[in-house]
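**Student:** Numbering (this note's numbering), first residue to last: 3 to 163. For glycine and all other residues, C-beta sits at the position ideal for the given N, C-alpha and C.
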Ligand SMILES: [Cu+2]
């Protein structure tokens with residue numbers, strides 16, 4: 003017998019799934035494989051965070067230098083640092099991609115920051131983001147917009163979560 007509480011819990015778990023398999027995508031850019039780019043639903047004028055796995059099939063390391071999107075006034079590369087009980091976001095100059103290795107951009111860690119959304123990010127749609135790598139050059143990916151889930155970052159004026 004399935005209770006309402008169980009159903010609500012199941013719905014929450016579904017909403018928290020990073021990406022449905024049908025939407026999974028891998029973009030090839032030189033030696034790089036850009037896997038499962040995604041973001042969360044957000045309002046126009048707010049901020050958004052983008053996530054993906056960057057895999058490097060070459061021995062030479064690469065670096066993510068910058069990102070841009072027509073959906074945001076500007077973008078930054080961010081990481082998280084812990085200050086006491088609070089996790090704060092902090093810009094980084096670049097994100098290294100080790101040779102024959104990978105780097106994960108994920109909630110609570112490294113991420114792409116979309117600042118000043120020029121349009122709402124609507125679940126089920128996708129938003130283009132152009133990444134610029136030191137070796138692989140520029141490549142445009144599509145962030146699949148997921149529902150705002152239980153692990154949604156809170157991005158207020160203090161720029162913390
Ligand atoms: Cu951030």
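Tell me, please, whether the stretch 101-111 touches the stretch 55-63 by the rule of three or more beta-carbon pairs shorter than 8 Å.
**Tutor:** Counting Cβ pairs under 8 Å, three or more are found: they touch.
**Student:** If you follow the beta strand (DSSP E) that residue 142 is part of, which residue opens it and which one closes it?
**Tutor:** Residue numbering aside, residue 142 sits at position 140 when the chain shown is read from its first letter. Counting along the chain, the beta strand (DSSP E) containing residue 142 begins and ends at 139-148.
**Student:** Which two residues bound the contiguous beta strand (DSSP E) that contains residue 75?
**Tutor:** Sequence index remark: in the chain shown, residue 75 carries index 73 (1-based). Per DSSP, residue 75 belongs to the beta strand (DSSP E) from 74-85.
**Student:** Whose C-alpha, out of 90, 51, 28 and 43, is nearest the C-alpha of residue 126?
**Tutor:** As a working note, residue 126 is residue 124 in the chain shown. Cα-wise, what sits closest to residue 126 is 43.
**Student:** Is there contact here, the stretch 140-152 with the stretch 28-41, by at least three beta-carbon pairs under 8 Å?
**Tutor:** Yes: the two stretches touch, three or more of their Cβ pairs being nearer than 8 Å.
**Student:** Do three or more CB pairs link the stretch 117-126 to the stretch 81-94 at distances below 8 Å?
**Tutor:** Contact fails: fewer than three Cβ-Cβ distances are below 8 Å.
**Student:** How about residue 52 and residue 119: are their beta carbons less than 8 Å apart?
**Tutor:** Here residue 52 is taken as the residue at index 50 of the chain shown, counted from 1. Here residue 119 is taken as the residue at index 117 of the chain shown, counted from 1. No, the pair does not count as a contact, with Cβ atoms beyond the cut-off.
**Student:** Helix, strand or coil: which one does DSSP assign to residue 136?
**Tutor:** Taking the chain shown and counting its residues from 1, the one referred to as residue 136 is at position 134. Note: residue 136 maps to coil in three-state DSSP.
**Student:** Which value, in whole angstroms, describes the spacing of the CA atoms of residue 71 and residue 62?
**Tutor:** Counting from 1 along the chain shown, the entry for residue 71 is found at position 69. Counting from 1 along the chain shown, the entry for residue 62 is found at position 60. Each residue's Cα considered, the two are about 27 Å apart.
**Student:** Which residues does DSSP pair with residue 30 in a beta bridge?
**Tutor:** Looking up residue 30 in the chain shown gives position 28. Bridge partners of residue 30: 35.
**Student:** Considering residue 58, what are the terminal residues of the beta strand (DSSP E) in which it resides?
**Tutor:** Reading the chain shown from its first residue, position 56 is the one you call residue 58. Residue 58 -> beta strand (DSSP E) spans 50-58.
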